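Encoded as structure tokens, the structure appears first; notes follow it.
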Amino acid sequence: MSTQDEREDLEKLPMPLTAITIKPVKDYTTNCPALQVLDNILAIDTEMERIQTGIAPYLVNLTKQRDALLQRAIRENLQEGRLAVLNIKPGRQNRNNIEDLEAFELQFPAGYKVIRDRQKRELDEQHEIAVKSVEDSKIPLLLADDVVGKKAVTEFVGFQPVKLTYEVLPKKRSDQS
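The sequence shown begins at 1 in the working numbering and counts up one residue at a time.
Take a look at the structure:
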């Protein structure tokens, strides 16, 4: 059976939870000599991946079943069972736009004029701020490279320190002693 076939089979009929062995949590930090610190991190990563891989098909299957049952309850208007009730919570109604501007203007001509004047004033202010912002802003490096040339621009460029990230990987077989 191929890996893909096995995965599809597990999604249809996941292993029961009893078949997924979850060992008691071991404290990897207790009495851990320096030589084992990285090995223990790798062991924890491996164990977490094993548990997630083992339980994922089971959770996918349960989620599909739950969604199908919920759709059935909605479709058949099932409101109550022996142990549960369906609570319907309407989403929040958001106001977004005035749809009929002409009717709004006819109903509130003075208010419409005030609104439009304020919009124009705000746009003018935003434009002034944007122009001032461009004059005071940093020059985009790619634009400067394109106009002046990368070699010439590099003299004026600041460099950020390199950020280090850490990853624990298993040793290659030939490296292990």
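We put the CB at the ideal spot given by N, CA and C, even for glycine. As the structure is a computational prediction, the values presented were derived from the model and not from experiment.
Mind listing, in chain order, the continuous alpha helix (DSSP H) runs of no fewer than 4 residues lying wholly within the stretch 54-134? Counting only runs of at least 4 residues, the stretch 54-134 fully encloses the following alpha helix (DSSP H) elements, listed from N- to C-terminal order: 101-107.
Three-way DSSP call (helix, strand, coil) for GLN52 in this model: Walking along the sequence shown from the start, residue 52 turns up at place 52. Helix at GLN52.
Please classify PRO140: is it buried, with 16 or more other beta-carbons within 10 angstroms of its beta-carbon, or exposed? Within the sequence shown, residue 140 is the residue found at index 140, counting from 1. Result: exposed.
With a Cβ-Cβ cutoff of 8 Å, do GLN79 and LEU86 count as a contact? Stepping through the sequence shown from its first residue, residue 79 is reached at position 79. Stepping through the sequence shown from its first residue, residue 86 is reached at position 86. Taking 8 Å as the Cβ cut-off, GLN79 and LEU86 qualify as a contacting pair.
Please check the pair VAL131 and LEU38, which I expect to be a contact at CB under 8 Å, by giving their CB distance rounded to whole angstroms. Taking the first residue of the sequence shown as 1, we reach residue 131 at position 131. Taking the first residue of the sequence shown as 1, we reach residue 38 at position 38. Contact flag wrong, Cβ pair sits at about 55 Å.
In three-state DSSP terms, what is THR165? By one-based count along the sequence shown, residue 165 stands at place 165. Of the three classes helix, strand and coil, the one that applies to THR165 here is coil, per DSSP.
Would LEU42 and PRO170 qualify as a contact pair, given that the criterion is a beta-carbon distance under 8 Å? Along the sequence shown, one-based indexing puts residue 42 at 42. Along the sequence shown, one-based indexing puts residue 170 at 170. At the C-beta level, LEU42 and PRO170 come within 8 Å of one another.
Considering only the beta carbon of each residue, do TYR58 and ILE44 sit closer than 8 Å? As a working mapping, residue 58 is identified with position 58 in the sequence shown. As a working mapping, residue 44 is identified with position 44 in the sequence shown. Result no, Cβ atoms of TYR58 and ILE44 do not sit closer than 8 Å.
In the structure shown, what three-state DSSP assignment does ASP45 receive? As a position in the sequence shown, residue 45 is number 45, starting the count at 1. In the three-state reduction of the DSSP assignment, ASP45 falls in the helix class.
Pairwise C-alpha distance: ASN61 and GLU76: In the sequence shown, residue 76 corresponds to position 76, counting from 1. In the sequence shown, residue 61 corresponds to position 61, counting from 1. Spanning the two alpha carbons is a distance of roughly 23 Å.
What's the gap between the Cα of LYS151 and the Cα of LYS163? Mapped onto the sequence shown, residue 151 falls at position 151. Mapped onto the sequence shown, residue 163 falls at position 163. Between LYS151 and LYS163, the C-alpha separation is close to 25 Å.
Below 8 Å on the Cβ atoms is my guess for ASP145 versus VAL134; work out the distance and round it to an integer in Å. Mapped onto the sequence shown, residue 145 falls at position 145. Mapped onto the sequence shown, residue 134 falls at position 134. 18 Å between Cβ atoms; not a contact.
So which of GLU6, LEU106, LEU143 and ILE129 has the shortest CA-CA distance to GLY54? Here residue 54 refers to the residue found at position 54 of the sequence shown. When each option's Cα is compared against that of GLY54, the closest is GLU6.
Contact belief for GLU105 with TYR112 at Cβ below 8 Å, rounded distance in angstroms: Mapped onto the sequence shown, residue 105 falls at position 105. Mapped onto the sequence shown, residue 112 falls at position 112. A Cβ-Cβ distance of about 4 Å is found for the pair GLU105 and TYR112, placing them in contact under the 8 Å criterion.
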